[in-house]
Amino acid sequence: MKAGWKTVSVLLAAVVVSIFTTSKLYKAGAQYQIEAISQFGQLPSAAVQALSLDFKGIVADYLFLKTMTFLGEKIGEREDPSAEDWRLIHQMLEQITDLDNLFWDPYLFAETMLAWQAGMPEEANKLLLKAAKHRTKDYRPLYFIGFNHFYFRKDPYQAAEYLRKAAQLPKAPFYLKGLAARMSLYGNQTAIGIAFLEDIIKDTLDPTIRQYLGKRLATLKIIASLEENVKEYKSTYQTLPQSLDDLVKTGIISSIPDDPYGGRFVLLKNGRVYTTSRLVSQTNH
Amino acid sequence: MRDISKVTIDLCLAAINIGGLLVPFFLAVDLLAKDIERRTILTILARAISRNEYILGKFGGLILLTGAIMGVLTCAALGAIWSGIQLYGEVYFAGLSWSAVLIAIGTSYLGMIVLNAVVIMWCSVTTSSFLATLLTLFTYVIGQTVEDVVRFISVKTPDVEIAPILQKAANLTLYIFPNLAAFDFKLEAAHGISMPAGYLFFLFLYATGYSTVVLSLSILVFRRRDLT
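Those protein sequences? They're chains D and C, same order as listed. FYI, this note's numbering numbers position 188 of the first sequence as 188, with every residue one higher than the one before it. FYI, this note's numbering numbers position 210 of the second sequence as 210, with every residue one higher than the one before it.
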């Protein structure tokens, strides 16, 4: 009987130790995740390819999973990735697409995350050019490059060039040709940004990323609506309002909407609306 | 995640490949080198079986075993892909090409046949199972990378001089070691790309030719080997 109790005590102690160590290891794992991704990120692409032997596809999948988990952890903890984190993510995406240059998800990830969240449209474009080179019948890489030129680089002529090329590829939406023409003439950045984001969100299954992009879309929609209100003011009073408060005073809007990112909407001299948050969450700053 | 089909096929083909690799790396060395190490080979050769028949018989058994393992895993993989289609819908599997998947499995099996032939050779020339495993591992790694190395060296880069002897050595390695990377179409299959029939025919010819050369060498060495 005594021996039985001893065994039960040892068993209980062991259960406590395993539960404790499991939770400790899980927490320590988050740190390891960062270290692991930085180690992978530092490796030259050619070395990763050679080390993958004939498992390049599955290694690309694994590295992509690591990259998504790394960013997911950051977003989950409501922490904005640092410049160094984005640099590592970019390197990882380069490695993944070197291993499997037809893998579409890393390119889409580069567009949604590097261009929109990290402020790295140049890097996103470089990756998308790789996609365009290998996915020769896919209109999306050229469409994204075109959009990035228009929205982030403020270069509607280059944008129109890429969109025209994209429009000629199979399954390209019919509106691309028209979009290219409109971009060449004049760019309503906000409206096109909204259309583009809606397109990306439709293609995104991950609920966290959808929520992340949804917030940006909601803010852009508020900006677009405020810019419309400014136009309405101008057509009524033949002059631009001094500030957004004028829209409230004249009854065009009941109040200035809140910025979902925690910033403040400001009217620029050219009639465009700007937010002090610069579409970056203000809770961490 | 849009490329569900690609990830599913990657996982399935990698599993089949690993299953196939288990035979040359673990079973083959165990069956052959340990037969010699433990002298159990003598009881087999004491019967009316020639050394040639012993080598060819072992090789036949190994490739049948590899085929059986890969066959079972192929059935499981096809089931997994079918389940993926039912689960996520055909829209995510629009680029799926069953023929490309089956071709990738077939060429992977051809690569395993070549590797099994190489294992037979290493087992016939070495005296320990450990050494045979090590040499098989080296052959596998070299076979997967040699083509890339040769291509890399052949690229003329300005201001970078590569010694002609190194270039020749790399070219020679390409002919000595099996070019196992040539049998790898897993990535293509994952993206629904089928390989042209002409290329596959040459691949089949290469596998047959290389395996025959390696097995003939193995037989030549094994016939002269003192097993006592």
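Where a beta carbon is used, it is the ideal one built from N, C-alpha and C, also for glycine. Computed from a predicted structure; not experimentally measured.
Assigned secondary structure, T136 of chain D (DSSP; H/G/I helix, E/B strand, else coil): If DSSP states are grouped into helix, strand and coil, T136 of chain D belongs with coil.
Where F185 of chain C sits in the DSSP three-state scheme: coil
T275 of chain D (DSSP reduced to helix, strand or coil): Strand at T275 of chain D.
C-alpha gap between V266 of chain D and G57 of chain D, whole angstroms: 48 angstroms
Any chain D beta carbon closer than 7 angstroms to R151 of chain C: no
Min CB distance A230 of chain C to chain D below 7 angstroms: This structure gives no information on residue 230 of chain C, because the portion of chain C shown stretches from 1 to 228.
C-alpha distance - S154 of chain C paired with Q167 of chain C, whole-angstrom precision: 7 angstroms
Contact check, G111 of chain C vs T66 of chain C, beta carbons under 7 angstroms: No, the pair does not count as a contact, with Cβ atoms beyond the cut-off.
Close-in-space but distant-in-sequence residues of the same chain around F202 of chain C (CB under 7 angstroms, 5 per side omitted): none
Segments assigned alpha helix (DSSP H), at least 4 residues, entirely inside the segment 106 to 147 of chain C: Qualifying alpha helix (DSSP H) stretches: none in this window.
Inter-residue spacing [alpha-carbon to alpha-carbon] between L268 of chain D and I252 of chain D: In this structure, the straight-line span from the alpha carbon of L268 of chain D to that of I252 of chain D is close to 18 angstroms.
For I16 of chain C and L73 of chain C, the rounded distance between their alpha carbons: 6 angstroms
Rounded straight-line distance, which links the Cα of D3 of chain C to that of S50 of chain C: In this structure, the straight-line span from the alpha carbon of S50 of chain C to that of D3 of chain C is close to 53 angstroms.
Members of the segment 125 to 146 of chain C that neighbour chain D once the beta carbon cut-off is set at 8 angstroms: Y140, V141, Q144 and T145
Short CB-CB distance (under 7 angstroms) between F196 of chain D and chain C: The Cβ of F196 of chain D sits no closer than 7 angstroms to any Cβ of chain C.
Expected contact under 8 angstroms - CB spacing of S45 of chain D and E94 of chain D to nearest Å: 6 angstroms
Test: A76 of chain C CB closer than 7 angstroms to a CB of chain D: no
Classification of R224 of chain C by the beta-carbon crowding that lies within 10 angstroms, buried from 16 upward: It counts as exposed.
Cβ-based neighbour list, T208 of chain D, same chain, cut-off 8 angstroms, excluding 5 preceding and 5 following: G72, I75 and G76
Whole-Å CB distance - I201 of chain D paired with G214 of chain D, under 8 angstroms assumed: 6 angstroms
Validate contact between the segment 180 to 195 of chain C and the segment 95 to 106 of chain C using beta carbons, cut 8 angstroms, 3 pairs: The segment 180 to 195 of chain C makes contact with the segment 95 to 106 of chain C; the number of CB pairs closer than 8 angstroms reaches 3 or more.
Length of the line joining the Cα atoms of P260 of chain D and S18 of chain D: 43 angstroms
Interfacial residues, the segment 92 to 109 of chain D to chain C, with Cβ spacing under 8 angstroms: D100, L102, F103, W104, D105 and L108
Cβ-Cβ distance between I55 of chain C and S211 of chain C below 7 angstroms: no
Cβ of R39 of chain C within 7 angstroms of any chain D Cβ: no
Beta-carbon gap between F93 of chain C and S194 of chain C smaller than 7 angstroms: no
Residue of D:R164, D:Q42, D:Q242 and D:K133 minimising C-alpha distance to F147 of chain D: D:R164
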